[in-house]
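One structure below.
Protein chains in written order, with my numbering: chain C, 2 to 355; chain P, 2 to 355.
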């Protein structure tokens, strides 16, 4: 028996090339191990998470995490099922367990116990939530909005990349916490309608509309108290120009700049001084000790219907991952972008557990 | 009797034109009032403060302070002497008192009591200190470094515009508070020598040297924990590229960008996220309630010789102000830039009080 892996082979220059024969990645087929080492589990990957941060993992610069090495399996998190357990881990895992796994881009993975975590799904939840609203993107939205942004009653909150997995949760949390006005920026009319009609944003601006700057101004008559930035570039700049006195700018991501050969900095920077803006970058890992509290809040809001989520699941198996990642930077998704590596119907007689 | 004023007449586009016949400002001669209104004082200006922020006061954009109106006397602070007191203020002021005054650019000014403050000079101080180390620039350095930057023992602190009135105090305060390493950026060898030899900076980098980026890297082997920014532009960008984890970037000024038609934003902005940088703008006025404590500290450090200062006083009277302001943006000064409007020798029989 063998399975497929996707190997990082060539540094992007600067955009990712999704071709599996001549691009950034290559497909490799390897044999499935006959025996699992004593302190490992063998998992089968079902859903692979695609995240904007991935482009940064391919840049050999000082960052919050080591870059992926050329020749390694591409890094990534997944929802997977345990299919074999090493002799010393049998008190902790059993065949059929569903886990979130730091599996990387491959169909199977042999992992130590620190690389997997059993999925606990709350009422109203589903397993893929553990990759999104109850996983890294939900936690990123939670800590970014509440610990960094700190919206107060009466605040105007603006979120960019608002129809993405993190942005949609961030905006809803601001609303749950009593922000007066939550405005989202997203690409295209459909995404904007979704934000206002489905998620309850007070306004949404299509940044592809020629007059988006004017719309942003009109949508923020009392300026911007909290800006949750997922995109950087022109939109960050336009929001800085609308910064309210003592505003908080949560620098979560800069998807518009990840593929730029020469990134663009915010030119309305003088407002940082005149309006006493605090711009703060953060990485969700720094809040690891508070994950349990955050997950309790997120699960409770989800169960109560206060927090809605959406998934964008690409079929086609592992080999569709590079193209889907490129599409993510193009804004193809509304909600959490995932690859279906293996459907749940193929699960090891344990479908009911998922 | 008459006196001169400098009137703001034409918006800079974008640089200030110092000509008094065809430039940004015009000279106007007005009669000295015969009688001072009951709740006013008449002051004679001796030293006029020139500050980088002045360029921003001439931009008709939302800012921390209303712009100067075309046709008004140019705004500015000075050291002045009271030469006449209105009938209802005689219990508070007497002729000969030295005051800091929101006089604007003129030789005499009729001011309400809120626009003047009596100068109190501590041991080892001199009256012009009330415009610099014991005035706005000293306070700006104090709150920016201690409240925003919060240097800790062991930190590497970098200050740009380090030979300017604010920068030199900011760097020395970091040293007083136990920073491990204080590095200044300034323009030219003389300023750099001054920082290291006179003020005790650990290193100084001449940003006009072709290899300044390399020097900055070498001078910050453990990266930058606190960056006190007076200049913006390329230097801010280079410091962001050297940001340490959880570093604080104090955004105090951006003198390199004030005259730019299209300001330049920091392109190493991704480091804000990966290194969890906090960038915070501030305005000294926000700390007004804490001025007394700050002035006590600053005066005490000055008296103990822990804090050194330097002045750059331009002779030539009021009409030299526009040219000196342009020179300030060119970096002509080491230390606090002031105009001698009237020498102390001409003071109203009260020289000994100054």
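A virtual CB, placed ideally from N, CA and C, is assigned to each residue, including glycine.
Within a Cβ cutoff of 7 Å, which residues of the same chain sit near residue 353 of chain P, ignoring the five residues on either side of it in sequence?
Reading the second chain from its first residue, position 352 is the one you call residue 353 of chain P. Any reading at residue 353 of chain P must be qualified, since the residue scores a pLDDT of 42, below 50, and its modelled position is unreliable; the value itself is stated next. Within the same chain, residue 353 of chain P has no close Cβ partners at all.
Expressed to the nearest angstrom, what Euclidean distance is found between the alpha-carbon atoms of residue 43 of chain P and residue 71 of chain P?
Here residue 43 of chain P refers to the residue found at position 42 of the second chain. Here residue 71 of chain P refers to the residue found at position 70 of the second chain. Cα to Cα, residue 43 of chain P sits roughly 24 Å from residue 71 of chain P.
Quick test of your reading: residue 340 of chain C and residue 143 of chain C, contact by CB under 8 Å. State the CB separation rounded to the nearest angstrom.
For the purposes of this step, residue 340 of chain C is identified with residue 339 of the first chain, where counting begins at 1. For the purposes of this step, residue 143 of chain C is identified with residue 142 of the first chain, where counting begins at 1. 25 Å between Cβ atoms; not a contact.
Relative to the C-alpha of residue 226 of chain C, which candidate in C/22, C/150 and C/188 has its C-alpha closest?
The residue you call residue 226 of chain C lines up with position 225 of the first chain. Checking every option, the nearest Cα to that of residue 226 of chain C belongs to C/150.
Residues of chain C with a CB under 7 Å from the CB of residue 277 of chain P: which are they?
The count along the second chain starts at 1 and reaches residue 277 of chain P at position 276. Near residue 277 of chain P (Cβ distances below 7 Å), the residues of chain C are 282, 283, 284 and 287.
Run through the DSSP bridge pairs and tell me what residue 221 of chain C is partnered with.
Residue 221 of chain C sits at position 220 when you count from the first residue of the first chain. Per DSSP, none; premise fails for residue 221 of chain C.
Along the chain, which unbroken stretches of the alpha helix (DSSP H) at least 4 residues long are found entirely within the segment 194 to 258 of chain P?
213 to 220 and 234 to 242
Limits of the beta strand (DSSP E) - the one that residue 183 of chain C falls within:
Working through the first chain from its first residue, we reach residue 183 of chain C at position 182. That run of the beta strand (DSSP E) goes 182 to 187.
Length at least 3, wholly inside the segment 251 to 322 of chain C: the beta strand (DSSP E) runs in chain order
279 to 282 and 312 to 315
Have a look at C/294, C/320 and C/348 and flag the residue whose alpha-carbon is nearest the alpha-carbon of residue 29 of chain C.
The count along the first chain starts at 1 and reaches residue 29 of chain C at position 28. Looking at the Cα atoms, C/320 is the closest of the given residues.
Coarse secondary structure for residue 99 of chain C, derived from DSSP in three states
Here residue 99 of chain C refers to the residue found at position 98 when the first chain is read from its first residue. Strand, per DSSP.
Sufficient close CB pairs (3 or more, under 8 Å) joining the segment 146 to 160 of chain C to the segment 173 to 184 of chain C:
yes
Indicate whether at least one CB of chain P lies closer than 8 Å to the CB of residue 271 of chain C.
Locating residue 271 of chain C in the first chain gives position 270, counting from the first residue. Judged by the 8 Å Cβ criterion, residue 271 of chain C is in contact with chain P.
Which term fits residue 335 of chain P, buried or exposed, when burial requires 16 or more other beta carbons within 10 angstroms of its beta carbon?
Counted from its first residue, the second chain places residue 335 of chain P at position 334. So residue 335 of chain P ends up on the buried side.
Taking 8 Å as the CB-CB cut-off, is residue 355 of chain P touching chain C?
One-based indexing of the second chain puts residue 355 of chain P at position 354. With a pLDDT of only 45 at residue 355 of chain P, under 50, the local geometry of the prediction cannot be trusted, and the value read off the model is given with reservation. It does not: the Cβ of residue 355 of chain P has no partner Cβ on chain C nearer than 8 Å.
Alpha carbon to alpha carbon, how far is residue 222 of chain C from residue 327 of chain C? Give it in angstroms, no decimals.
Residue 327 of chain C sits at position 326 when you count from the first residue of the first chain. Residue 222 of chain C sits at position 221 when you count from the first residue of the first chain. Each residue's Cα considered, the two are about 36 Å apart.
Minimum Cβ-Cβ distance from residue 264 of chain P to chain C less than 8 Å
The residue given as residue 264 of chain P occupies position 263 in the second chain. Chain C, which has a Cβ nearer than 8 Å to the Cβ of residue 264 of chain P, makes this yes.
By the three-class DSSP mapping on this structure, what secondary structure does residue 327 of chain C have?
The count along the first chain starts at 1 and reaches residue 327 of chain C at position 326. In this structure, residue 327 of chain C counts as helix in the three-state DSSP scheme.
Do residue 118 of chain C and residue 100 of chain C count as a contact pair if the criterion is CB distance below 8 Å?
In the first chain, residue 100 of chain C corresponds to position 99, counting from 1. In the first chain, residue 118 of chain C corresponds to position 117, counting from 1. Their beta carbons are under 8 Å apart, which means residue 100 of chain C touches residue 118 of chain C by this criterion.
Starting from residue 65 of chain P, find everything on chain C with Cβ-Cβ shorter than 7 Å and list it in chain order.
Working through the second chain from its first residue, we reach residue 65 of chain P at position 64. Those within 7 Å of residue 65 of chain P in chain C are 275.
From the DSSP secondary-structure annotation, give me the bridge partner or partners of residue 137 of chain P.
If you number the second chain from 1, residue 137 of chain P lands on position 136. None, per the DSSP bridge assignment.
Can you tell me whether DSSP reads residue 8 of chain P as helix, strand or coil?
Here residue 8 of chain P corresponds to residue number 7 of the second chain, with the count starting at 1. Residue 8 of chain P: strand per DSSP, three-state reduction.
Rounded Cβ spacing between residue 251 of chain C and residue 228 of chain C (contact assumed at less than 8 Å)
Position 250 of the first chain holds residue 251 of chain C. Position 227 of the first chain holds residue 228 of chain C. Yes, residue 251 of chain C and residue 228 of chain C are in contact; Cβ-Cβ is about 7 Å, under 8 Å.
Pull up the distance between the alpha-carbon of residue 1 of chain C and that of residue 27 of chain C, whole angstroms please.
With chain C represented from 2 up to 355, any question about residue 1 of chain C goes unanswered, as that position is not in the structure.
Kindly provide the ranges of any beta strand (DSSP E) runs that are 3 or more residues long and lie completely inside the segment 37 to 77 of chain P, ordered along the chain.
41 to 50
Taking residue 268 of chain C as the query, report the chain A residues whose CB atoms sit under 8 Å from its CB, ordered along the chain.
Looking for chain A here will not work: the only protein chains present are C and P.
What separation, rounded to the nearest whole angstrom, lies between the Cα atoms of residue 10 of chain C and residue 60 of chain C?
Stepping through the first chain from its first residue, residue 10 of chain C is reached at position 9. Stepping through the first chain from its first residue, residue 60 of chain C is reached at position 59. Taking the straight line from one Cα to the other gives about 13 Å.
Please return the same chain residues whose Cβ sits closer than 7 Å to the Cβ of residue 113 of chain C, not counting the five positions on each side in sequence.
One-based indexing of the first chain puts residue 113 of chain C at position 112. For residue 113 of chain C, where only same-chain residues beyond five positions count, the Cβ hits under 7 Å are 40 and 41.
Measure from the C-beta of residue 252 of chain P to each C-beta in chain C and report whether the shortest distance is under 8 Å.
Mapped onto the second chain, residue 252 of chain P falls at position 251. So, interface residue.
Near residue 285 of chain P, what residues of its chain come up, given a Cβ to Cβ distance below 7 Å and the 5 sequence neighbours on each side ignored?
Translated into the one-based positions of the second chain, residue 285 of chain P becomes position 284. Closer than 7 Å at the Cβ level, and outside the excluded window around residue 285 of chain P, lie 137, 140, 141 and 144.
Beta-carbon of residue 338 of chain P versus every beta-carbon of chain C: anything under 8 Å?
By one-based count along the second chain, residue 338 of chain P stands at place 337. With 8 Å as the cut-off, residue 338 of chain P does not count as an interface residue toward chain C.
So, under 8 Å CB-CB, residue 74 of chain P and residue 105 of chain P are touching, yes? Tell me the CB distance rounded to an integer number of Å.
The residue labelled residue 74 of chain P in the question sits at position 73 within the second chain. The residue labelled residue 105 of chain P in the question sits at position 104 within the second chain. With a Cβ gap of about 4 Å, residue 74 of chain P and residue 105 of chain P count as contacting.
Is it the case that the Cβ atoms of residue 236 of chain P and residue 208 of chain P are separated by a distance below 8 Å?
In the second chain, residue 236 of chain P corresponds to position 235, counting from 1. In the second chain, residue 208 of chain P corresponds to position 207, counting from 1. Taking 8 Å as the Cβ cut-off, residue 236 of chain P and residue 208 of chain P qualify as a contacting pair.
Determine, using beta carbons only, whether residue 309 of chain P and residue 173 of chain P come nearer to each other than 8 Å.
In the second chain, the residue the question calls residue 309 of chain P occupies position 308. In the second chain, the residue the question calls residue 173 of chain P occupies position 172. A contact, by the Cβ cut-off of 8 Å.
Indicate the three-state DSSP secondary structure (helix, strand or coil) for residue 29 of chain C in the structure shown.
Here residue 29 of chain C refers to the residue found at position 28 when the first chain is read from its first residue. Reduced to three states, the DSSP call for residue 29 of chain C is strand.
Does any CB atom of chain C fall closer than 8 Å to the CB of residue 116 of chain P?
Start at 1 with the first residue of the second chain, and residue 116 of chain P comes out as number 115. Chain C contact via Cβ: absent.
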